[in-house]
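K.L.:
According to this note's numbering, the sequence shown holds residues 17 to 435 in order.
Built from N, CA and C at the ideal position, the CB exists for glycine as well.
Keep in mind it's a predicted model, so treat the numbers as computed, not measured.
Pasting a structure below so you can have a look.
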Amino acid sequence: MHGRESTLRMFAWLFAVAMVVAANGCAGCGQGIREPLPEDSTPGSGTSELLSNGGCPKGSKCGIDKALLASICPSGNCDTGGTGNAKGIYAATGGNYCFKAGNTAFFCPEAFVTIEKGLFLEGHYLDDPSNRTQRPVHARFEGSSTSVYVYAIHGDGTRLTIKYRVNGQDYSLTGAEVSKLILQVPGLSPGGSSGVSYELQFFPVQTEKTAKDGVSRYELRYRNTTLPDVPANWSRHCEANDEKADAFVVSFLEGQRVNSVSASVTDDATVTTMACESGSIVTCLAWGYTPWDVSTGQRDVTRDYVYRSCLQAKRAAYFVGASDFKSYTKKGTLILKRDQYGYGFEQDTIPRVEAIWGPQGAVCFNPENRRRPDAEAWAGQDPNNLNTHGVPPCSPADWSLQGKFATGPAEKQQEPSKP
Numbered sequence: 017m018h019g020r021e022s023t024l025r026m027f028a029w030l031f032a033v034a035m036v037v038a039a040n041g042c043a044g045c046g047q048g049i050r051e052p053l054p055e056d057s058t059p060g061s062g063t064s065e066l067l068s069n070g071g072c073p074k075g076s077k078c079g080i081d082k083a084l085l086a087s088i089c090p091s092g093n094c095d096t097g098g099t100g101n102a103k104g105i106y107a108a109t110g111g112n113y114c115f116k117a118g119n120t121a122f123f124c125p126e127a128f129v130t131i132e133k134g135l136f137l138e139g140h141y142l143d144d145p146s147n148r149t150q151r152p153v154h155a156r157f158e159g160s161s162t163s164v165y166v167y168a169i170h171g172d173g174t175r176l177t178i179k180y181r182v183n184g185q186d187y188s189l190t191g192a193e194v195s196k197l198i199l200q201v202p203g204l205s206p207g208g209s210s211g212v213s214y215e216l217q218f219f220p221v222q223t224e225k226t227a228k229d230g231v232s233r234y235e236l237r238y239r240n241t242t243l244p245d246v247p248a249n250w251s252r253h254c255e256a257n258d259e260k261a262d263a264f265v266v267s268f269l270e271g272q273r274v275n276s277v278s279a280s281v282t283d284d285a286t287v288t289t290m291a292c293e294s295g296s297i298v299t300c301l302a303w304g305y306t307p308w309d310v311s312t313g314q315r316d317v318t319r320d321y322v323y324r325s326c327l328q329a330k331r332a333a334y335f336v337g338a339s340d341f342k343s344y345t346k347k348g349t350l351i352l353k354r355d356q357y358g359y360g361f362e363q364d365t366i367p368r369v370e371a372i373w374g375p376q377g378a379v380c381f382n383p384e385n386r387r388r389p390d391a392e393a394w395a396g397q398d399p400n401n402l403n404t405h406g407v408p409p410c411s412p413a414d415w416s417l418q419g420k421f422a423t424g425p426a427e428k429q430q431e432p433s434k435p
């Protein structure tokens, strides 16, 4: 009799435990459990099984590390590592995104700023990237010398809008109409108000590409008008080391200022950033990594986190968080890429993971899988004994709270992306 009662009590206890588990929905079941690596894989080599995407179930890998959204160089006194031209951010490494004075790169425009005082062009002089300056923007219609008051430039969803006022009436230009207005930027000089003056004119281009990726593209032409009596030829902005179509194309990023040394991003509603398509700012947008939800147009903090990670990954700036601002790649290098959420248009399979990225560079790095192992790309370092600034290997290669974007060297059978 006692044995039968013990059996019944045990059965009742097991039944109660089962009901509790069912009621909790097995919360946390399987969290932290990873599939074993294939026998022919080694930790850090990278497997698609671990780098899955398309969502984020509850667990320690979800969410983002918002601390990494902070400015990388809040003092503004970080070592720039040379001039402020073409670090892979505003234009591809080896290119030029600075206006020329004569045959010399002079002023590097980065954003239009709309404030109560009016519209300003913001940038820096080539040899002084930490010293940002703003100059007022005026305007005239093409074929007319009469001044027009232009008070705002926006790039909502990358689409350029120019706002101006005539006789107290406000007007806006978008699409092909933006070419009707010629912008004037006077007095660019490191020493004071007098100096080099420029005129700027935008022309929409490559609309078929815009239909595919949603990025509006413009050809920006400029000319030096410092000597009004001397005819000046128009030049195309975004000079590159090749003649490809994207070499002379710009687009816009609304509401964010991007540091030209570190690619650190600061939210600022007054700013419309302008960059060349070959640089990471525009390329990441064209890859599908917008800091806003394309279905609503609203800023999304998770998408923004992945976009900022892409800014570093595209240009191989592994160690930005350690104040090493170098881009360890060369234009034309092929890479594979994917992100945790499936935001990007292309989600490549990555047989060998190079790095997993956050907004301050690589959160883990496998030197043996780096996209450019040659000494040329690693100038200043011993390619056989890299200083990785304490960045750990990707072992195993998987998403984390910090790392949401992965890259690897392109395999011949893949359709890779070009930085």
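Return helix, strand or coil for R324, following the three-state DSSP convention.
P.N.:
Start at 1 with the first residue of the sequence shown, and residue 324 comes out as number 308. Correct three-state label for R324: helix.
K.L.:
DSSP on R319, reduced to helix/strand/coil?
P.N.:
As a first step, residue 319 must be located in the sequence shown, where it is residue number 303. Note: R319 maps to helix in three-state DSSP.
K.L.:
Taking 8 Å as the CB-CB limit, is P425 close to chain C?
P.N.:
Of the protein chains in this structure there is only one, and it is not chain C.
K.L.:
Assess contact between the segment 338 to 346 and the segment 301 to 318, defined as three or more Cβ pairs (one per stretch) separated by less than 8 Å. Is contact present?
P.N.:
The segment 338 to 346 vs the segment 301 to 318: no contact.
K.L.:
Keeping to the same chain, check which residues put their C-beta closer than 7 Å to that of T58; ignore five residues upstream and five downstream.
P.N.:
Translated into the one-based positions of the sequence shown, residue 58 becomes position 42. Residue placement at T58 is poorly supported in this model, since its pLDDT is 36, which falls under 50; the coordinates are not used for a value here.
K.L.:
Between V194 and L176, which are expected to be in contact by the criterion C-beta below 8 Å, what is the C-beta distance as a whole number of angstroms?
P.N.:
Within the sequence shown, numbered from 1, the residue matching residue 194 stands at position 178. Within the sequence shown, numbered from 1, the residue matching residue 176 stands at position 160. V194 to L176, Cβ: 6 Å. Contact.
K.L.:
Would you mind stating whether Y323 and G377 have Cβ atoms separated by less than 8 Å?
P.N.:
Numbered from 1 along the sequence shown, position 307 holds the residue referred to as residue 323. Numbered from 1 along the sequence shown, position 361 holds the residue referred to as residue 377. No, the Cβ-Cβ distance between Y323 and G377 is not below 8 Å.
K.L.:
What does a CB cutoff of less than 8 Å around W394 pick up in its chain, not counting 5 residues either side in sequence?
P.N.:
Walking along the sequence shown from the start, residue 394 turns up at place 378. Only Y344, R388, L402 meet the Cβ criterion.
K.L.:
Any heavy atom of the ligand NAD closer than 7 Å to the CB of N240?
P.N.:
Within the structure as shown, the ligand NAD is missing, as the structure has no ligands at all.
K.L.:
I'd like to confirm the pairing. Which residues does DSSP put opposite R354 in its beta bridges?
P.N.:
For the purposes of this step, residue 354 is taken as residue 338 along the sequence shown, with counting starting at 1. Its beta-bridge partners are A422.
K.L.:
Give the DSSP bridge partners of C124, in chain order.
P.N.:
One-based indexing of the sequence shown puts residue 124 at position 108. BP columns for C124 point to H140.
K.L.:
How many angstroms separate the CA atom of G104 from the CA atom of T299?
P.N.:
Working through the sequence shown from its first residue, we reach residue 104 at position 88. Working through the sequence shown from its first residue, we reach residue 299 at position 283. Going from the Cα of G104 to the Cα of T299 covers about 10 Å.
K.L.:
Out of T282, L301, Q397, state which residue places its alpha-carbon closest to the alpha-carbon of S87.
P.N.:
Numbered from 1 along the sequence shown, position 71 holds the residue referred to as residue 87. Among T282, L301, Q397, the Cα nearest to that of S87 belongs to T282.
K.L.:
May I ask you to report which of helix, strand or coil DSSP gives D229?
P.N.:
Indexing the sequence shown from 1 puts residue 229 at position 213. Reduced to three states, the DSSP call for D229 is helix.
K.L.:
Pull up the distance between the alpha-carbon of P90 and that of V231, whole angstroms please.
P.N.:
In the sequence shown, counting from the first residue as 1, residue 90 sits at position 74. In the sequence shown, counting from the first residue as 1, residue 231 sits at position 215. Any reading at P90 must be qualified, since the residue scores a pLDDT of 48, below 50, and its modelled position is unreliable; the value itself is stated next. Roughly 30 Å between the two C-alpha positions.
K.L.:
Give the straight-line distance between the Cα atoms of A155 and H170, rounded to the nearest whole angstrom.
P.N.:
Numbered from 1 along the sequence shown, position 139 holds the residue referred to as residue 155. Numbered from 1 along the sequence shown, position 154 holds the residue referred to as residue 170. Between A155 and H170, the C-alpha separation is close to 16 Å.
K.L.:
Check the DSSP bridge columns for S251 and list the partner residues they point to.
P.N.:
Translated into the one-based positions of the sequence shown, residue 251 becomes position 235. Answer is Y238.
K.L.:
Using only CA atoms, which one of G360, S339, L137 lies nearest to G406?
P.N.:
By one-based count along the sequence shown, residue 406 stands at place 390. Of G360, S339, L137, the residue nearest in Cα terms is S339.
K.L.:
Mapping DSSP to helix, strand and coil, what is F219?
P.N.:
Residue numbering aside, residue 219 sits at position 203 when the sequence shown is read from its first letter. Note: F219 maps to strand in three-state DSSP.
K.L.:
Using a Cβ-Cβ cut-off of 6 Å (strictly less than) and excluding sequence neighbours within five positions of T190, which residues of its own chain qualify?
P.N.:
Locating residue 190 in the sequence shown gives position 174, counting from the first residue. Excluding positions up to five away in sequence, the list reads T177.
K.L.:
Between R368 and F421, what straight-line distance do the alpha-carbon atoms span, to the nearest angstrom?
P.N.:
Working through the sequence shown from its first residue, we reach residue 368 at position 352. Working through the sequence shown from its first residue, we reach residue 421 at position 405. Cα to Cα, R368 sits roughly 14 Å from F421.
K.L.:
Check whether the Cβ atoms of R233 and W250 lie closer than 8 Å to each other.
P.N.:
Position 217 of the sequence shown holds residue 233. Position 234 of the sequence shown holds residue 250. Contact flag unset, no.
K.L.:
For the alpha helix (DSSP H) holding A302, just list the boundary residues, first then last.
P.N.:
Taking the first residue of the sequence shown as position 1, residue 302 is located at position 286. Element bounds for A302: 296 to 302.
K.L.:
Report yes if the C-beta distance between K77 and W415 is below 8 Å; otherwise report no.
P.N.:
On the sequence shown, residue 77 is found 61 positions in, with the first residue counted as 1. On the sequence shown, residue 415 is found 399 positions in, with the first residue counted as 1. Yes. Within cutoff.
K.L.:
Return yes when the Cβ of R151 is within less than 8 Å of the Cβ of P206, no when it is not.
P.N.:
If you number the sequence shown from 1, residue 206 lands on position 190. If you number the sequence shown from 1, residue 151 lands on position 135. The answer is no: Cβ separation not under 8 Å.
K.L.:
With DSSP run on the structure shown, which of helix, strand or coil describes A338?
P.N.:
Start at 1 with the first residue of the sequence shown, and residue 338 comes out as number 322. Residue state, collapsed to three classes: helix.
K.L.:
Leaving out the 5 sequence neighbours to the left and right, which residues in its chain are closer than 7 Å to G79 when beta-carbon positions are compared?
P.N.:
Here residue 79 refers to the residue found at position 63 when the sequence shown is read from its first residue. Result list for G79: L417, in chain order.
K.L.:
Count the other C-beta atoms from every protein chain shown that fall within 10 angstroms of the C-beta of A108, then say buried if there are 16 or more, exposed otherwise.
P.N.:
For this step, residue 108 is matched to residue 92 along the sequence shown. That one is buried.
K.L.:
Have a look at the DSSP bridge pairing and note the partners of S205.
P.N.:
The residue labelled residue 205 in the question sits at position 189 within the sequence shown. S205 pairs with nothing; no bridge assigned.
K.L.:
Name the DSSP beta bridge partners of V266, please?
P.N.:
Along the sequence shown, one-based indexing puts residue 266 at 250. Answer by DSSP bridge pairing, in chain order: Y234, C292.
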